[in-house]
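> Pasting a structure below so you can have a look.
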Amino acid sequence: MTHYDLPLDYVAACGCAPDSTHYPTVAMSQLAYGSAQAYGPGCGKCFNITLLNTFLSDPPFYPPQRKSLVVKVTDLCPISSAWCTATNDTPNAAGHFINFDLAFPSPAIPDDFFPSDVKTYGYADFGLWNVSYQEVGCTPNWAGSKDSSAMGSVNNLGDSVCCPGDVTANLTCPSYSLQNGIPPDTSIGGETFLPTIGHAPARTSVYVSWIVVVALCLLSSV
1 MTHYDLPLDY
11 VAACGCAPDS
21 THYPTVAMSQ
31 LAYGSAQAYG
41 PGCGKCFNIT
51 LLNTFLSDPP
61 FYPPQRKSLV
71 VKVTDLCPIS
81 SAWCTATNDT
91 PNAAGHFINF
101 DLAFPSPAIP
111 DDFFPSDVKT
121 YGYADFGLWN
131 VSYQEVGCTP
141 NWAGSKDSSA
151 MGSVNNLGDS
161 VCCPGDVTAN
171 LTCPSYSLQN
181 GIPPDTSIGG
191 ETFLPTIGHA
201 PARTSVYVSW
211 IVVVALCLLS
221 SV
């Protein structure tokens, strides 16, 4: 899981309601998202993500208490962004086929959400984390589900956006790329450490100062 700056009330790739940014949201890597542009089948889905251990620190850090967060997919992390480079045949640099890019910092997420051990490691931001994840219903699990203004798509953009309040078998966004005959973007770029992240148009890319790379293993016991 990487993280990136998403301004409050910004309408990202899915076209979710601006108020969704006041709650925990993520961008999903292109392969899992299902489209190279605009909306895709990943839009609107919610996941319960649990921090497991750090990824690059030596030795790995296992926090004494595992923290979890339910997030909603509102944005695309394109294949050109480091850690979102997975294709059908090739995982990302961490060996995984999916990555969540957390909108952080955020008023919806405590500043101390990511554990640290400065005394042992000499720094507070580990950068990379392994996590487990489970897809869950947005209602009632996502904090924004209690706020009707945070659910669904922007009202005045019609078919150019797709962000279900709750994704179901009968209510899943199509792939904008497939619908419009846009070939998949297979260009891969970016660094493999402290990458430059930028997803939505008209947004300035920033260097991520606190990176959480997700090693995503599906919870098999839930």
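By the count of UniProt numbering, the sequence shown reaches residue 222 at its end, each step adding exactly one.
Where is the CB? At the ideal position from N, CA and C, for every residue including glycine.
Given the structure is predicted, the values throughout are model-derived calculations rather than measurements.
(1) Using C-beta distances below 8 Å, list every residue in its chain close to ASN53, excluding the 5 sequence neighbours before and after it, in chain order.
(2) Please report the straight-line C-alpha distance between SER20 and SER106, rounded to a whole angstrom.
(3) Counting Cβ pairs closer than 8 Å, one from the stretch 26-41 and one from the stretch 65-82, do we hit at least three?
(4) DSSP state of TYR62, grouped into three classes?
(5) Please specify which runs of the beta strand (DSSP E), each continuous and at least 3 residues long, are wholly inside the UniProt domain "Expansin-like EG45" (11-138), giving them in chain order.
(6) Pull up the CB-CB distance for TRP142 and CYS46, whole angstroms please, since I reckon it's below 8 Å.
(7) Which residue wins for smallest C-alpha separation from CYS163, given the options THR90, SER57, THR25?
(8) Check for me: the beta strand (DSSP E) holding THR172 runs from which residue to which?
(9) For PRO41 versus SER160, is the C-beta spacing smaller than 8 Å?
(10) Thinking just about the alpha-carbon of each residue, which of THR2, SER35, SER57, TYR39 is nearest to the one in GLY122?
(11) Can you find the residues in the same chain that come closer than 6 Å, C-beta to C-beta, to ASP112, ignoring five residues on each side of it along the sequence?
(12) Between the beta-carbon of GLY152 and the beta-carbon of GLY137, is there less than 8 Å?
Straight from the coordinates:
(1) Sequence-distant partners of ASN53 (beyond 5 residues in either direction) whose C-beta falls short of 8 Å from its own C-beta, in its chain, are PRO60, PHE61, TYR62, PRO63, TRP129, ASN130.
(2) Rounded to the nearest angstrom, the gap between the Cα atoms of SER20 and SER106 is 11 Å.
(3) Yes, they touch.
(4) Reduced to three states, the DSSP call for TYR62 is coil.
(5) The UniProt domain "Expansin-like EG45" (11-138) contains these whole beta strand (DSSP E) runs: 25-29, 46-54, 68-77, 100-103, 129-136.
(6) With a Cβ gap of about 5 Å, TRP142 and CYS46 count as contacting.
(7) Nearest in C-alpha terms to CYS163, of all of THR90, SER57, THR25, is THR25.
(8) THR172 -> no beta strand (DSSP E), and no H or E assigned at all.
(9) Going by C-beta atoms, PRO41 is not nearer than 8 Å to SER160.
(10) If you compare the alpha carbons of THR2, SER35, SER57, TYR39 with that of GLY122, the shortest gap goes to SER57.
(11) Cβ contact annotation for ASP112 (same chain, cutoff 6 Å, sequence separation greater than five): none.
(12) Their beta carbons are not under 8 Å apart, which means GLY152 does not touch GLY137 by this criterion.
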